[in-house]
Amino acid sequence: MSFLLRRLGFYLLAFWASITLNFLLPRLMPGDPVTRMLSRSQQRLEPQQVEALRTLMGVDGGPIIPEYFAYLGRILTGDFGMSISRFPTPVSEVIASQLPWTLLLGLTSLIIAVILGNLLGILAAWRRGGFLDSIAPPLLVFIGSFPYFWLAMGALYIFGISMGVAPMRHAFSVGLVPGFNLVFILDVAAHLILPALTIVLVSLGGWMLGMRNTMIATNSEDYILMAEAKGLRPHRIMLNYAARNAMLPSVTSMGMSIGFIVGGALLTEVVFAYPGVGYQLLGAVQGLDYPLMQGMFLTITAAVLIANFLVDLVYVRLDPRVRKG
Amino acid sequence: MSQNAIDPQTLMAEEPLDESTVNRARVSATRLLRTLLRNGKAMAGLSIILVFIILALLAPLLFPGDPARITSAGASTPSLQHLLGTTTKGQDVLGLTLWGARSSLFVGFAAGIFSTVIGVLVGLSGAYFGRGLDEVLSLVTNVFLLVPGLPLLVILAAFMPPGLGTVIVVLVITGWAGSARVMRSQAMSIRGKDYVAAALVSGERPLRIMIREILPNMASVVMTTLLGCIIGSIGAQAGLEFLGLGDVNTISWGTNLFWATSDGSLMLGQWWIFVPSGLAIALVAFALALCNYAVDEITNPRLRRPKHATKSTAATTVARKEEK
Numbered sequence: 001m002s003f004l005l006r007r008l009g010f011y012l013l014a015f016w017a018s019i020t021l022n023f024l025l026p027r028l029m030p031g032d033p034v035t036r037m038l039s040r041s042q043q044r045l046e047p048q049q050v051e052a053l054r055t056l057m058g059v060d061g062g063p064i065i066p067e068y069f070a071y072l073g074r075i076l077t078g079d080f081g082m083s084i085s086r087f088p089t090p091v092s093e094v095i096a097s098q099l100p101w102t103l104l105l106g107l108t109s110l111i112i113a114v115i116l117g118n119l120l121g122i123l124a125a126w127r128r129g130g131f132l133d134s135i136a137p138p139l140l141v142f143i144g145s146f147p148y149f150w151l152a153m154g155a156l157y158i159f160g161i162s163m164g165v166a167p168m169r170h171a172f173s174v175g176l177v178p179g180f181n182l183v184f185i186l187d188v189a190a191h192l193i194l195p196a197l198t199i200v201l202v203s204l205g206g207w208m209l210g211m212r213n214t215m216i217a218t219n220s221e222d223y224i225l226m227a228e229a230k231g232l233r234p235h236r237i238m239l240n241y242a243a244r245n246a247m248l249p250s251v252t253s254m255g256m257s258i259g260f261i262v263g264g265a266l267l268t269e270v271v272f273a274y275p276g277v278g279y280q281l282l283g284a285v286q287g288l289d290y291p292l293m294q295g296m297f298l299t300i301t302a303a304v305l306i307a308n309f310l311v312d313l314v315y316v317r318l319d320p321r322v323r324k325g
Numbered sequence: 326m327s328q329n330a331i332d333p334q335t336l337m338a339e340e341p342l343d344e345s346t347v348n349r350a351r352v353s354a355t356r357l358l359r360t361l362l363r364n365g366k367a368m369a370g371l372s373i374i375l376v377f378i379i380l381a382l383l384a385p386l387l388f389p390g391d392p393a394r395i396t397s398a399g400a401s402t403p404s405l406q407h408l409l410g411t412t413t414k415g416q417d418v419l420g421l422t423l424w425g426a427r428s429s430l431f432v433g434f435a436a437g438i439f440s441t442v443i444g445v446l447v448g449l450s451g452a453y454f455g456r457g458l459d460e461v462l463s464l465v466t467n468v469f470l471l472v473p474g475l476p477l478l479v480i481l482a483a484f485m486p487p488g489l490g491t492v493i494v495v496l497v498i499t500g501w502a503g504s505a506r507v508m509r510s511q512a513m514s515i516r517g518k519d520y521v522a523a524a525l526v527s528g529e530r531p532l533r534i535m536i537r538e539i540l541p542n543m544a545s546v547v548m549t550t551l552l553g554c555i556i557g558s559i560g561a562q563a564g565l566e567f568l569g570l571g572d573v574n575t576i577s578w579g580t581n582l583f584w585a586t587s588d589g590s591l592m593l594g595q596w597w598i599f600v601p602s603g604l605a606i607a608l609v610a611f612a613l614a615l616c617n618y619a620v621d622e623i624t625n626p627r628l629r630r631p632k633h634a635t636k637s638t639a640a641t642t643v644a645r646k647e648e649k
């Protein structure tokens with residue numbers, strides 16, 4: 001219990017740090033974000049709204065301490081202000097409409113990559129120096145060396161343009177009404193395949209090598225020898241004895257890679273024009289929509305922290321040792 | 326941080342320090358270098374990097390003048406006149422790629438080195454002084470590790486004035502924490518060694534102990550971290566510039582790819598425009614990963630290829646004995 005409380009405290013602290021960073025950034029950087037923003041928004045804003053923006057961005061020269069607490073209060077009540085590029089939609093509404101797509105894309109690719117990567121790692125370590133063990137790691141490291149977005153562009157070029165079998169952009173076909181029916185679900189799946197596969201391709205190597213290296217260490221443990229001596233069947237030793245124990249570091253890195261899901265899918269979403277948080281974040285940056293940008297950053301951070309906490313909960317169940325911590 | 330999913334740190338065991346980590350610390354810097362020069366993987370990696378550095382340095386001689394100038398009609402396919410063809414605007418792709426190596430390698434190496442140096446400073450001082458300072462430094466490190474890197478990168482780049490300096494600063498801000506964590510855990514294990522205690526008793530100053538006693542004994546870990554940081558920086562820089570958040574006026578591999586997409590060469594099927602820069606990034610990253618692999622193999626005997634294992638399908642000693 002104390003382990004979980006400590007972790008929770010740490011996540012709260014991390015979240016506070018990113019709110020503070022968000023608060024300080026526009027105030028520390030040279031230039032006036034509000035003026036830059038207004039020149040883009042073509043004077044659609046009322047004078048009071050401009051004033052509110054100036055306060056939000058801290059360019060009105062007001063006292064910084066009270067402003068900071070007012071900012072904290074607004075964030076904690078979920079008020080991120082208005083989006084400029086999609087005025088007058090509140091930032092939270094814009095984010096809520098993008099988040100499901102990012103989660104769908106991220107979770108699908110993460111689950112496939114984790115399962116496949118760990119299985120490959122287990123097999124490679126079990127048949128040490130075998131075919132899989134000698135071919136896969138260097139190949140995957142080589143694939144992982146390519147800039148991710150470049151591989152995605154290549155895949156889009158081959159499957160989307162040359163062969164024309166994959167949809168080029170968006171999460172579902174234009175003109176289709178979102179709904180819970182077979183046509184829509186199949187269409188969403190068709191749009192999901194290529195982006196998800198490219199993420200799996202580049203992240204597979206990391207999972208596989210991580211698992212392989214821990215498995216190699218686990219395989220030399222005495223209890224594996226004992227299990228063999230008892231005459232247990234090999235695949236049972238491999239899965240229930242070795243892999244189960246070698247799994248723990250993988251669970252930890254899963255927590256870390258959820259950061260990759262929400263934030264790191266940014267490049268995927270940009271290349272495939274997938275309407276998720278990352279795509280919207282870049283749009284906000286290009287449109288100089290600072291409130292939206294900051295809201296997205298906080299949402300992404302919050303999502304990562306929550307995911308990590310969930311992983312901690314799982315970890316406590318898997319490894320009783322941390323409970324005493 | 327990196328969107329590049331194969332984190333070189335996963336190549337080394339990330340568990341709490343076991344015997345192999347302690348062994349690796351004993352490999353001194355000079356011996357490590359000598360062994361590296363005899364390792365095939367390391368030599369292959371080093372030669373690729375060297376070729377790229379030489380090409381980058383020779384770029385002004387091979388392609389004198391402004392590489393961004395327009396030399397032909399737009400989007401011509403590779404020919405004898407333009408070995409890699411030209412961009413939609415009519416710039417020579419080979420020239421752009423060679424000139425791009427200059428800023429890409431410079432930013433990648435600079436950001437990688439700075440991140441490692443900060444990581445070493447934070448990790449070493451945390452591990453050496455312990456207690457309050459260590460608590461605070463670890464906390465800051467962990468917060469930076471947890472905050473999602475790419476979005477932070479994007480936000481920072483959006484608020485700061487564009488330029489090469491900004492790119493380096495932003496990459497260092499998001500990249501130092503990973504190396505600090507590795508350095509700290511490594512330095513912690515060395516901190517408890519007898520020779521550190523001996524140096525303390527003989528009245529040496531903290532800075533001297535850290536630099537003369539502890540640092541040389543973690544040379545291999547510093548090396549893998551440095552290589553990892555450079556790989557991460559090159560990838561992250563390319564990503565940032567591809568998104569149009571770098572300085573679009575400098576020529577680098579990332580901006581080449583940015584222009585390739587914004588000019589629509591992907592949609593028009595002009596592969597020769599976006600293949601060279603991406604391939605260059607991949608080759609450099611792969612070469613660095615090879616070096617990393619080699620350092621790992623030399624310092625962590627467990628990861629070395631077993632000599633006889635190719636024939637045996639059996640996993641452990643018991644199974645092997647039964648077969649006989």
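Chains as they are written, first to last, in this note's numbering: chain A, 1 to 325; chain B, 326 to 649. Glycine residues also receive a C-beta, built at the ideal position from the N, C-alpha and C atoms.
Select from the stretch 489-508 of chain B all residues with a C-beta closer than 7 Å to any C-beta belonging to chain A, and list them in chain order.
none
ALA482/B vs LEU570/B beta-carbon contact at 7 Å
yes
Below 8 Å on the Cβ atoms is my guess for GLY425/B versus TRP578/B; work out the distance and round it to an integer in Å.
Contact holds; Cβ gap of about 5 Å.
Given a limit of 7 Å on CB to CB distance, which residues of the stretch 89-118 of chain A reach chain B?
none
Quick one: using the 10 Å Cβ neighbour count with 16 as the cut-off for buried, is ARG349/B buried or exposed?
Note that ARG349/B scores a pLDDT of 46, beneath 50, so its modelled location is shaky and nothing firm can be said.
Does DSSP classify MET485/B as helix, strand or coil?
coil
Tell me the rounded alpha-carbon separation between LEU282/A and THR102/A.
14 Å
Comparing alpha-carbon positions, which option in LEU318/A, LEU313/A and ARG236/A lies nearest LEU248/A?
LEU318/A
Let's test the definition: count the other Cβ atoms within 10 Å of the Cβ of ILE135/A and tell me whether it reaches 16, buried, or not, exposed.
exposed
Taking ASN364/B as the query, report the chain A residues whose CB atoms sit under 7 Å from its CB, ordered along the chain.
Per Cβ cutoff of 7 Å: no residues; ASN364/B is ~15 Å from chain A at best.
Taking the continuous alpha helix (DSSP H) assigned at PRO66/A, which residues delimit it?
In this chain, the alpha helix (DSSP H) harbouring PRO66/A covers 64-76.
Beta-carbon separation of PRO196/A and SER109/A under 7 Å?
In the sequence on display, residue 196/A carries Ala and not Pro. Result yes, Cβ atoms of ALA196/A and SER109/A sit closer than 7 Å.
Do you know offhand how far THR580/B's Cα is from GLU566/B's?
5 Å
Looking at the secondary structure, which residues open and close the alpha helix (DSSP H) in which LYS366/B lies?
365-387
Using a C-beta to C-beta distance shorter than 9 Å, which residues of chain A count as neighbours of ALA381/B?
Correct list: empty, because the minimum Cβ distance to chain A is about 18 Å.
Going along the chain, which residues of its own chain have a beta-carbon closer than 7 Å to the beta-carbon of ALA307/A, five neighbours each way excluded?
GLY255 and ILE258
Could you confirm whether any beta carbon from chain B is found closer than 7 Å to the beta carbon of GLY325/A?
Interpretation of GLY325/A is limited by its pLDDT of 46, a score under 50 that renders its predicted location unreliable; the figure taken from the coordinates is listed afterwards. The beta carbon of GLY325/A does not come within 7 Å of any beta carbon belonging to chain B, so the residue lies off that interface.
In whole angstroms, what separates the C-alpha of LEU552/B from that of CYS616/B?
Approximately 8 Å between the Cα atoms of the pair.
Cβ of PHE149/A less than 7 Å from any chain B Cβ?
yes
SER145/A touches chain B at which residues, Cβ-Cβ below 9 Å?
Going along chain B in sequence order, the residues near SER145/A (Cβ under 9 Å) are ASN329, ILE331, ILE556, GLY560, ILE606, ALA607, LEU608, VAL609, ALA610, PHE611, ALA612, LEU613 and ALA614.
Quick check on ARG74/A: buried or exposed, where buried means 16 or more other Cβ atoms within 10 Å of its Cβ?
exposed
Quick one: is ILE480/B near chain A, going by C-beta distance under 7 Å?
yes
Write down the C-beta distance between ALA605/B and THR422/B rounded to the nearest angstrom, noting that I regard them as a contact closer than 8 Å.
6 Å
Please confirm if VAL472/B has its CB atom under 7 Å from at least one CB of chain A.
yes
Residues of the stretch 277-308 of chain A with Cβ closer than 9 Å to any Cβ of chain B, in chain order
VAL277, GLY278, LEU281, LEU282, ALA284, VAL285, GLN286, LEU288, TYR290, MET293, GLN294, MET296, PHE297, ILE300, THR301, ALA303, VAL304, LEU305 and ASN308
For VAL91/A versus LEU266/A, is the C-beta spacing smaller than 7 Å?
no
Across which residues does DSSP place ASP417/B in a beta bridge pair?
THR411/B
Please check if any C-beta of chain E sits within less than 7 Å of the C-beta of LEU358/B.
Chain labels in this structure do not include chain E; the protein chains are A and B.
By the 10 Å Cβ neighbour count, where 16 or more other Cβ atoms means buried, how is THR346/B classified, buried or exposed?
Confidence in THR346/B is poor, its pLDDT being 44 and thus under 50, which makes the residue's placement too unreliable to answer from.
Considering just the uninterrupted stretch of the alpha helix (DSSP H) at VAL94/A, what are its terminal residues?
91-126
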